[in-house]
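In the numbering used here, the protein residues as written are 205 to 461.
Input: a single structure, listed below in structure tokens.
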Ligand SMILES: [Zn+2]
């Protein structure tokens, strides 16, 4: 990444404490990327969610007008118990993830932070992040916004047509082709038959009953969705629309007192 002009620096990891102190005087908003270290089928690396969350956070911050929010170093582990049958998956508990997000927020109170946008790369993290957000709102008067892709679900539904495409399928393989193509094992991309025990448990069913599952009981490869339908072009469109909406969102809320 090109080095930012001094007054526009937004990556906390590159700041000295003096620079961070100055920056916190200009903004009360931070972006916290949260990912996972978990299997992503035969063709994507285990860091996919973490890389995507941090990459997206930076692409968004680059485009926000000054004063930009500060992008925190990412949380690279998430709640991935359901993927542990696949080697390389490393999970922390929902309680731990919730505590990490909460305690990061607590550290920031003294610098005047009032808003945290969590850019979450892994759906399994949502409940834990919401728990932390409830406590930060109530105890520390910090508003926490959480986007796991919901901000563009309308547009994405026009690009991604595969039903139940939630993990390493058409969506995620496309987005990986668009931002980290060299780590996509194209010769390993294949369609998997999914075994849902009930139609009510299909993620796209109109009568969907939310449930907690073990991935290996649904999918042999670990993918849920159809990676054979993925393309770099779809991925680029998805990233463009997510970046556009997140930038607009930040511009709308960053000045709120
Ligand atoms: Zn993922």
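Idealized CB from N, CA, C, for every residue including glycine.
Mind checking which residues open and close the alpha helix (DSSP H) that includes residue i?
| i | result |
| --- | --- |
| residue 238 | Here residue 238 belongs to no alpha helix (DSSP H); instead the beta strand (DSSP E) covers 233 to 238. |
| residue 334 | 330 to 344 |
| residue 252 | 252 to 267 |
| residue 358 | 357 to 363 |
Look up residue i in the DSSP assignment and say whether it is helix, strand or coil.
| i | result |
| --- | --- |
| residue 228 | helix |
| residue 248 | strand |
| residue 398 | coil |
| residue 214 | coil |
| residue 457 | helix |
| residue 294 | strand |
| residue 377 | helix |
| residue 371 | strand |
| residue 324 | strand |
| residue 439 | helix |
| residue 300 | helix |
| residue 309 | helix |
| residue 276 | coil |
| residue 241 | strand |
Going by C-alpha distance, which of the options is nearest residue i?
| i | options | result |
| --- | --- | --- |
| residue 445 | 250, 361, 215 and 374 | 361 |
| residue 329 | 212, 278, 224 and 284 | 284 |
| residue 377 | 220, 399, 229 and 252 | 252 |
| residue 384 | 317, 394 and 256 | 256 |
| residue 301 | 333, 326 and 272 | 333 |
| residue 411 | 418, 402 and 305 | 402 |
| residue 379 | 222, 268, 363 and 276 | 363 |
| residue 319 | 277, 422 and 344 | 344 |
| residue 230 | 213, 299 and 261 | 213 |
Counting along the chain, where does the beta strand (DSSP E) carrying residue i start and finish?
| i | result |
| --- | --- |
| residue 317 | First-last for residue 317: undefined, no H or E at that position. |
| residue 347 | 347 to 351 |
May I ask you to check if the CB of residue i is nearer than 8 Å to at least one heavy atom of ligand 3?
| i | result |
| --- | --- |
| residue 326 | Absence of ligand 3 is noted for the structure shown, with ligand 1 being the only ligands found. |
Margin query: Measuring CB atoms only, is the region 297 to 312 touching the region 434 to 444, in the sense that at least three cross pairs come out at less than 8 Å?
Written below: no
Next item on the list: Could you say if the region 380 to 391 and the region 240 to 247 meet the contact criterion of at least three C-beta pairs nearer than 8 Å?
Entry: yes
Next item on the list: Run through the region 402 to 427 for me and flag every whole alpha helix (DSSP H) of 4 or more residues, listed as ranges in chain order.
Entry: 419 to 422
Notebook entry, point to check: Below 8 Å, can you find three or more Cβ-Cβ pairs linking the region 275 to 290 to the region 233 to 243?
Noted result: yes
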